[in-house]
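For reference, the structure discussed in these notes is given below.
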């Protein structure tokens with residue numbers, strides 16, 4: 065029976081070299097395909113050329129013409145007109161990219177984010193809370209503190225300038241909008257007692273100006289860096305107060321472990337849970353946030 069099946073069943077024949085090479089191309093078919101492709105290409109190019117040659121004023125559809133300035137002499141690319149427009153665009157983009165950072169430097173964001181960063185280091189918990197969490201908390205607190213200032217900026221400068229029937233110029237809007245921000249910064253410097261920072265930058269002004277008697281007479285390029293230094297100084301003082309209890313915990317744990325002869329045991333393994341427990345028991349987040357909010361002079 066098996067012999068019969070083997071004789072009757074079809075067998076796969078070995079593939080010859082001619083079959084592996086594929087079918088032999090027919091010369092006539094190849095020529096017809098070539099003529100057809102050439103005809104299609106000529107038709108497409110001819111239609112586009114006709115569209116390009118049409119009169120622009122006729123309104124006939126066609127591809128847009130190339131700008132002659134793109135194929136002009138490269139020496140014209142650095143001409144006075146083009147270079148001026150290019151520099152203006154570059155300066156505009158630079159100002160727009162730096163505006164958010166400069167705006168944050170005039171707010172309470174500096175003090176808050178530095179204090180929260182020092183708190184994280186004092187606890188010794190590495191990257192917890194993460195930078196994203198610290199930045200978010202700082203932004204929310206900044207929004208709460210700076211709301212009265214930004215409200216005055218909007219009412220005094222933005223709303224009158226954007227009013228279609230208003231007559232306020234851009235320079236007048238700038239002067240009116242800067243006043244609330246200057247008032248906030250000068251108030252924080254005065255309360256913190258860091259007026260020496262103002263004189264530090266004022267004495268390096270290139271212009272020979274009269275000695276200012278009030279903060280309104282201080283130029284903005286002096287008040288801004290003085291405010292940043294004042295905020296950093298205040299933040300470091302608050303951070304020192306936060307560090308003290310945690311340093312005491314570290315010293316006590318280190319002394320106990322050394323006296324018990326546990327030299328191979330890292331003190332951080334014992335001090336970290338104790339610091340976290342202490343921070344939670346005293347409601348540390350409430351104390352830190354409350355101290356930060358109370359450290360800013362009220363805007364009136």
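In the working numbering, the protein residues as written are 65 to 364.
Beta carbons are placed, not taken as given, at the ideal position from N, Cα and C, and that holds for glycine.
6 Å CB neighbourhood of residue i in its chain, flanking five on each side removed
i, result
"residue 186", "306, 307, 310"
"residue 293", "261"
"residue 266", "286"
"residue 230", "224"
Backbone secondary structure at residue i - three-state DSSP
i, result
"residue 325", "coil"
"residue 192", "coil"
"residue 153", "helix"
"residue 265", "helix"
"residue 382", "Shown here, the chain extends from 65 to 364; a query on residue 382 therefore has no answer."
"residue 346", "coil"
"residue 314", "helix"
"residue 259", "coil"
"residue 337", "helix"
"residue 330", "coil"
"residue 303", "helix"
CB of residue i within 7 Å of CB of residue j, strictly
i, j, result
"residue 313", "residue 339", "yes"
"residue 205", "residue 176", "yes"
"residue 218", "residue 237", "no"
"residue 318", "residue 331", "yes"
"residue 181", "residue 336", "no"
"residue 363", "residue 159", "no"
"residue 209", "residue 172", "yes"
"residue 165", "residue 252", "no"
Assigned exposure category for residue i - 16 Cβ within 10 Å defines buried
i, result
"residue 257", "exposed"
"residue 46", "Any question about residue 46 goes unanswered here, given that the chain covers just 65 to 364."
"residue 358", "exposed"
"residue 329", "exposed"
"residue 221", "buried"
"residue 295", "buried"
"residue 327", "exposed"
"residue 333", "exposed"
"residue 156", "exposed"
Extent of the continuous alpha helix (DSSP H) to which residue i belongs
i, result
"residue 271", "Looking at the DSSP string, residue 271 is not in any alpha helix (DSSP H), and its letter there is neither H nor E."
"residue 241", "234 to 256"
"residue 281", "No alpha helix (DSSP H) holds residue 281; DSSP gives it neither H nor E."
"residue 360", "First-last for residue 360: undefined, no H or E at that position."
"residue 218", "From DSSP, residue 218 is part of no alpha helix (DSSP H); its letter is neither H nor E."
"residue 224", "223 to 226"
Same chain only: Cβ atoms within 7 Å of residue i, ignoring 5 sequence neighbours per side
i, result
"residue 183", "306, 352"
"residue 104", "In this prediction, residue 104 has a pLDDT of 49, which is less than 50 and means its spatial position is unreliable; what the coordinates show is noted afterwards. Excluding residues within five positions, none has a Cβ falling inside 7 Å."
Sequence-distant residues of its chain with Cβ nearer than 8 Å to residue i (five each side left out)
i, result
"residue 170", "245, 248, 249, 288, 291"
"residue 168", "174, 206"
"residue 78", "Caution applies to residue 78, whose pLDDT of 45 falls short of 50 and renders its modelled position unreliable; the model cannot decide the point."
"residue 203", "173"
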